[in-house]
Structures are given as structure tokens and as C-alpha cells.
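Asks: Okay, here's the structure, questions in a sec.
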Amino acid sequence: MPGYTEALSTVWDRIRSSISSRVEEVASTYGYLSYMVARYLEILSSWEDVLELLNAFERELPRSIRVNTLRFRNPGEVVERLQVLGYALTPVPWERYSYTVVKPGRVPLGATHEFLLGGYYLYRGLASLLPPVALNPTGSDRVLDAAAAPGGKTTHMAQLMGGRGLIVAVDVDRERFRALRTNLERMGVENVVALRMDSRLVPKVFGRFFTKALLDAPCTGEGIIQLDRSRKVKTSFEDLVRAHRLQVELLRATVESVVPGGLVLYSTCSIAPEEDEFTVAEVLESSDRVEVVDIPLELDLMPGLGEYFGVGLPDGVRRCRRVYPHKHGMEGFFLCLLRVL
Amino acid sequence: MPPKGTVRCRVGGGELGEEVARLFGAGALRALAGYVPMYCWSSFTEVYLLREELLEAVDRVLSSGRVPYSAGLYAGRLRRSRPRFIPSHLLVERVYEALGRYVRALEASEQGVRVVLYGRDILRLSTLRCFEPIEKGEVVSVVGTDGRVYALGLSEVDSCSELERLRAEDVVARVIFDLGWYLRGGTVARERKYRV
Chain A
45 MPGYTEALST VWDRIRSSIS SRVEEVASTY GYLSYMVARY LEILSSWEDV LELLNAFERE
105 LPRSIRVNTL RFRNPGEVVE RLQVLGYALT PVPWERYSYT VVKPGRVPLG ATHEFLLGGY
165 YLYRGLASLL PPVALNPTGS DRVLDAAAAP GGKTTHMAQL MGGRGLIVAV DVDRERFRAL
225 RTNLERMGVE NVVALRMDSR LVPKVFGRFF TKALLDAPCT GEGIIQLDRS RKVKTSFEDL
285 VRAHRLQVEL LRATVESVVP GGLVLYSTCS IAPEEDEFTV AEVLESSDRV EVVDIPLELD
345 LMPGLGEYFG VGLPDGVRRC RRVYPHKHGM EGFFLCLLRV L
Chain B
-18 MPPKGTVRCR VGGGELGEEV ARLFGAGALR ALAGYVPMYC WSSFTEVYLL REELLEAVDR
42 VLSSGRVPYS AGLYAGRLRR SRPRFIPSHL LVERVYEALG RYVRALEASE QGVRVVLYGR
102 DILRLSTLRC FEPIEKGEVV SVVGTDGRVY ALGLSEVDSC SELERLRAED VVARVIFDLG
162 WYLRGGTVAR ERKYRV
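Residue numbers (my numbering), protein chains in the order written: chain A, 45 to 385; chain B, -18 to 177.
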């Protein structure tokens, strides 16, 4: 029986045949490749939603910070120091140490003394806070961060773990790894072993070792078009399939590194089903050692897709969650929590 | 940053303790309690402090023929020439916490801290207080009035009393690392970490 990776060629045929004159007109107006808009209509089901999504991608995201309690035990101290510099901050309701910047201060956020002292991590959108919160590691966990650089989620998990337990942070990219190492040091993180290697080799080095794992997979970034407008035109469907294949390999290796009963959080900053539901579906289909479980987040996120261009997806995939800029005020994002059996 | 070339690492050994005791006194060893040092060397040696929870993972990495890029708390750099040991600002803060006082430190004014974070040296003008022992050519920390360590330098004086005869614009310590490095050189640009 052909798998979900193979089904992507059927999907591509159906995408092409769904490109109507309206799709082409909207794509041209907003500056997108037509096939992308055809997919958004399939995912969201209504033109009203598609236009809201495209308009949301035109808006800037507010910057946000996560105060680092590993360096400043009293988060209020960092907030007060930033207020003195002219910043106005509002708390993020679902992440107790994070704040949205509603008014900038006199010094850029990446150049304050508080930043250099490791007082906070700087985000370009709130959705990056979701994966660590969803995985919820504690000080008794052994965590794999399988695509760790530049370290926002690694340092976030270290903070949630109170600086105890273990995180093995793996990434292959040399320049991004420098940023990871620098962020770990700046933020005073001491429960991380950082390894520059291909994450697909992690099971060979560690075997089944980890109680939790995060794979915030490298992706095409189809959820962060606000941050990089070139993404409207730079990704071909072949690029998506290539990304999907790599993501499947990374997710399989991540699952193989986790002990039975352990959890794997798969996420991307993309709303492309090819990188999201199809990746999870391919791994579910080829392994009976893993299942999708509900994500313990008290946020009204959208369920994973049950079907895409006539290709039915496994039931469990609907337990994954989608984040849309026009509905949630964040970057487009995908989250899926898997339990290893 | 791991030293260039073939890097080797080992877990355990007394060199770090010896250097910490030499610089800050035996009481400073309390800052190392609960940790095992890991040394990674090539042309110089980087030292990390590992909690017990990290040891098994590090052992698996080393057994596979790989070395960690970093692990645990970065403690500093051991060198063949003077200064023999450059502690990280994180370690220095922990030492001060363990001792309950500053040693080998210069307390800088707000303006002084601002200038130091641009990589400039610490001048007499900006030095509010000095904490012994201070030795010429040896590591000294630059602390702000908020108690945080903002930079590490090499002292230009042999004791705090020498500050009295310096002019306002005289250099008290030549800065070899400041937190501004995280902005200037810690990510993409390749500014050397220590200017020594």
C-alpha cells in the first residue's frame, strides 16, 4: 500500500487542477504562487478565511520576550528594568514568564544590558513559545531537542525544568550552532549537552534514552511569511516534498530515541499539510510504536486536517493542532504530540 | 567555543579547582560543589561544569567517538601562558555568591559599564570600588552597581591602593571579555571571545 509520501504526487495533480481563475487572481494580487493559494482554499474551505489569512500575513507580528528565571530569579526585576528604558509590556496569558512588547523603548531589545545579562530571550512571534509549553518537560526528564539551534526552545525548556534534568541539544548547521552555544551561555543554562551532528544519527549514539523529545523541524517557513515576504514565491512543490522527506527521517529518528511511554512533540513554523499532517501520517503508518495524543494546551487551536485534496489522513492526526495568524494572532504553526508505545 | 583542530575531552580532574582556589581562595571551591569538570582541549582548554544528570549523556557521546560542542555550565578557559585561567563571568558570579563578597573585582559606574560593553577598557574615572587581591596581568572582574559581572579584564595595577595615584583617564584594567560580545561576535560575526 503506497504511503503518504507517495500520495503527495496525487495531491500535486489535484492542486494543479484546482487552480481556478479566482485562485490566480488572488495569488497575483497578494504576490503568491498560485499553487499556494489553491492549497489555502483547500485547508480553510472558504475564500473569506483565505483572504483573512493573506491579510494577516501582511501585518507585522508584535515582538515578545521570555524572562529568563535561570539568570533573574525575580522576573519582575527584568520587567521593571525594561520599563525604566521606556518599554511597555503585557503578560502572555498562557506562558507565565513571557510578555508582548506593546511599546518599544529607547534601546533596541537586542542591545539592552538586561539582554546581554541573559535576562530574556527575544521572539519575533508568540508561537515559538508553544512547543516547550506543550511538551512540558520537568527537572526529572531527559529531553532531546533534535533541531535545537538557535536555542529559543532549548533555553525555554531548560527554564521550565528549573535548570535540572538533561537536555541534549542537537543541530547540524554550523552558524546556527554558534548562536545556540552563545544563547546557552548568555542565559546561564547548565543542563544542556550541545552536539553538532545530524539528528538522524541520534539513535546510534544514545539508543532509546530520552523521556521526552522536541523536533521543531527544519521547514519551508510557510507560517512566517510576515517575517520573510520572499516565502510567497520561493518554495516549489518539489521543495515541500523534499522538506517532507527530511522531516519524516528526522521524526523517525526522534521517535527511535525515546523510551516507551515517552513523548515526542513535532512542530513546524509552517501551515503546509505536506510538512505537517503528511509527515506525522507517514510516520504513524510505518510504525506501530507511536500514537498521537492530545496536547495539554488551554488554547483554542484548530485541529489537524482529516483530509487533504481527497487523501484521507489517519484519525489520530486530527488531535494535532494548527495555529493560524488570522485566528490566533501568531505565526502559522503546527504542533503534534506523540506517545511512544 | 571548542578550540579548533582535533578536540579531545575528558571528564574529571583537579585543574579547575586548583585555579579557582589560586584566584579566589579555598572558600570559592564551594561554587564548584555538586559539579564534575569536563576539559576539552586542542590549542587551549575549555572547561565546563557538569551536574550528575549530564554525565551519562556525555559518556555516551564520548564513547561514540564524538565530543560535545559544549556541556553544562561554561566555566572558563585554561591557557599555557598568563593569565593561566580566564573564568567565565557565570563562574565568577557563582564564586561571589559562594563567598558572599567580591574578590579580584572592580565596581564600575553606570557610565563605566556602558563603555565597557562596547569593548573599551575600564578607566580610573569609572571605578567606584576595588576589591583585593589585585595583581598586574591577572584576571579581574568588572561588576556593576547591580552586582552583575559585565566584563573580565587584566589588571594594570598590583593593588587597589595604586588606584589613588592614577589619573582619571588612566586604565585600571584592560578588558578581555565583555557581555557586548554576545551582541557583536557571539552569533555570526567572528570576533574572538577573549582579547588575549
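Ideal Cβ positions, reconstructed from N, Cα and C, are used throughout, including at glycine.
I need the straight-line Cα distance from residue 251 of chain A to residue 296 of chain A, nearest angstrom please.
Replies: Approximately 13 Å between the Cα atoms of the pair.
Asks: Give the residues of chain A in contact with residue 50 of chain B, contact being defined as C-beta atoms less than 7 Å apart.
Replies: Simply 221, 225, 238, 239, 240.
Asks: Which of the three DSSP states, helix, strand or coil, is assigned to residue 306 of chain A?
Replies: If DSSP states are grouped into helix, strand and coil, residue 306 of chain A belongs with the strands.
Asks: Which residue wins for smallest C-alpha separation from residue 290 of chain A, given the options A:272, A:263, A:316, A:329?
Replies: Here the closest residue by C-alpha is A:263.
Asks: Does any C-beta atom of chain B lie closer than 8 Å to the C-beta of residue 195 of chain A?
Replies: Not one chain B Cβ lies under 8 Å of residue 195 of chain A.
Asks: For residue 63 of chain A, which residues in the same chain have their Cβ closer than 7 Å to its Cβ, ignoring the five residues on either side in sequence?
Replies: Cβ neighbours of residue 63 of chain A beyond the five flanking positions: 78, 79, 82.
Asks: Measure the Cβ-Cβ separation of residue 243 of chain A and residue 214 of chain A and say whether it is below 8 Å.
Replies: Yes; because the gap between Cβ atoms is below 8 Å, this pair is in contact.
Asks: For residue 191 of chain A, would you say it is in contact with chain B, using Cβ-to-Cβ distances shorter than 8 Å as the test?
Replies: Output row for residue 191 of chain A: interface = no.
Asks: Any contact between the segment 333 to 347 of chain A and the segment 9 to 22 of chain B? By contact I mean 3 or more CB pairs, one from each, below 8 Å.
Replies: No, the segment 333 to 347 of chain A is not in contact with the segment 9 to 22 of chain B.
Asks: To the nearest angstrom, report how far apart residue 101 of chain A and residue 102 of chain B are at their CA atoms.
Replies: So the two alpha carbons sit approximately 46 Å from each other.
Asks: At the level of alpha carbons, what is the spacing between residue 294 of chain A and residue 133 of chain A?
Replies: Each residue's Cα considered, the two are about 37 Å apart.
Asks: Return the CA-CA distance between residue 130 of chain A and residue -8 of chain B, expressed in angstroms with no decimal places.
Replies: Roughly 46 Å separates the two Cα atoms.
Asks: Report the neighbours of residue 99 of chain A on chain B: residues whose CB is nearer than 8 Å to its CB, in chain order.
Replies: In chain order: nothing, as chain B lies at least about 33 Å away.
Asks: Kindly list, in the order they appear in chain B, the residues whose Cβ is closer than 7 Å to that of residue 155 of chain A.
Replies: Within 7 Å Cβ-Cβ: 164.
Asks: Touch check for the segment 143 to 153 of chain A and the segment 198 to 211 of chain A: three-plus C-beta pairs under 8 Å?
Replies: No, because fewer than three Cβ pairs between the segment 143 to 153 of chain A and the segment 198 to 211 of chain A fall closer than 8 Å, the two stretches do not touch.
Asks: Where do the N-terminal and C-terminal ends of the beta strand (DSSP E) with residue 278 of chain A fall, by residue?
Replies: No beta strand (DSSP E) contains residue 278 of chain A, which DSSP labels as neither H nor E.
Asks: In or out: residue 277 of chain A buried (at least 16 other Cβ within 10 Å) or exposed?
Replies: Per the 10 Å Cβ criterion, exposed.
Asks: Who does residue 68 of chain B pair with in a DSSP beta bridge?
Replies: According to DSSP, residue 68 of chain B bridges with B:57.
Asks: Check whether chain B comes within 8 Å of residue 259 of chain A, counting only Cβ atoms and requiring the distance to be less than that.
Replies: Residue 259 of chain A does not count as touching chain B.
Asks: Leaving out five residues on either side along the sequence, give the residues of the same chain with a beta carbon under 7 Å from the beta carbon of residue 246 of chain A.
Replies: Counting only Cβ-Cβ distances below 7 Å, and skipping sequence neighbours, we find 188, 190, 214, 297, 301.
Asks: Excluding sequence positions up to five away, which residues of its chain have a Cβ less than 8 Å from the Cβ of residue 332 of chain A?
Replies: For residue 332 of chain A, where only same-chain residues beyond five positions count, the Cβ hits under 8 Å are 385.
Asks: Going along the chain, which residues of its own chain have a beta-carbon closer than 7 Å to the beta-carbon of residue 9 of chain B, five neighbours each way excluded?
Replies: If we look at residue 9 of chain B and ignore the five residues flanking it on each side, its Cβ neighbours are 1, 2, 76, 79, 80.
Asks: Looking only at C-alpha atoms, which of A:350, A:166, A:85, A:149 sits nearest to residue 111 of chain A?
Replies: Comparing Cα positions, the closest option is A:166.
Asks: As an exercise, report each continuous alpha helix (DSSP H) stretch of at least 4 residues that is fully enclosed by the segment 139 to 175 of chain A, in chain order.
Replies: Whole alpha helix (DSSP H) segments, 4+ residues: 157 to 160.
Asks: Tell me where the beta strand (DSSP E) around residue 335 of chain A begins and ends.
Replies: 334 to 337 is the span of the beta strand (DSSP E), which, as asked, contains residue 335 of chain A.
Asks: Please list the terminal residues of the continuous alpha helix (DSSP H) segment that includes residue 229 of chain A.
Replies: That run of the alpha helix (DSSP H) goes 218 to 230.
Asks: From the DSSP secondary-structure annotation, give me the bridge partner or partners of residue 14 of chain B.
Replies: The partner list for residue 14 of chain B (beta bridge, DSSP) is empty, contrary to what the question assumes.
Asks: Which residues of the segment -10 to 18 of chain B have a Cβ closer than 8 Å to any Cβ of chain A? Give them in chain order.
Replies: Taking 8 Å as the Cβ-Cβ cut-off against chain A, none of the residues of the segment -10 to 18 of chain B qualify.
Asks: Check whether the segment 53 to 65 of chain B and the segment 91 to 99 of chain B are in contact - that is, three or more C-beta pairs closer than 8 Å.
Replies: With a cut-off of 8 Å, the segment 91 to 99 of chain B and the segment 53 to 65 of chain B do not count as touching, because too few Cβ pairs lie within range.
Asks: Can you list the beta strand (DSSP E) stretches of 3 or more residues lying completely in the segment 17 to 49 of chain B, in chain order?
Replies: For the segment 17 to 49 of chain B, whole beta strand (DSSP E) runs of length 3 or above, ordered along the chain, are 17 to 22, 26 to 31.
Asks: Using the C-alpha atoms, what's the distance from residue 307 of chain A back to residue 104 of chain A?
Replies: Looking at the two C-alpha atoms, the distance is approximately 34 Å.
Asks: Taking 8 Å as the cut-off, does the segment 89 to 97 of chain A touch the segment 255 to 262 of chain A (at least 3 CB pairs, one atom from each stretch)?
Replies: At 8 Å Cβ cutoff, the stretches do not touch.
Asks: So which residues of chain B does residue 212 of chain A contact, with C-beta pairs closer than 7 Å?
Replies: Within 7 Å Cβ-Cβ: 38.
Asks: Could you work out which residues of chain A lie near residue 177 of chain B, taking near to mean beta carbons separated by less than 8 Å?
Replies: Ordered by position in chain A, no residue passes the 8 Å Cβ test against residue 177 of chain B, which lies about 18 Å from the chain.
Asks: Which residues of the segment 129 to 144 of chain B have a Cβ closer than 7 Å to any Cβ of chain A? Give them in chain order.
Replies: Hits within the stretch, in order: 129.
Asks: At the 8 Å Cβ level, is residue 209 of chain A part of the contact set with chain B, yes or no?
Replies: Output row for residue 209 of chain A: interface = yes.
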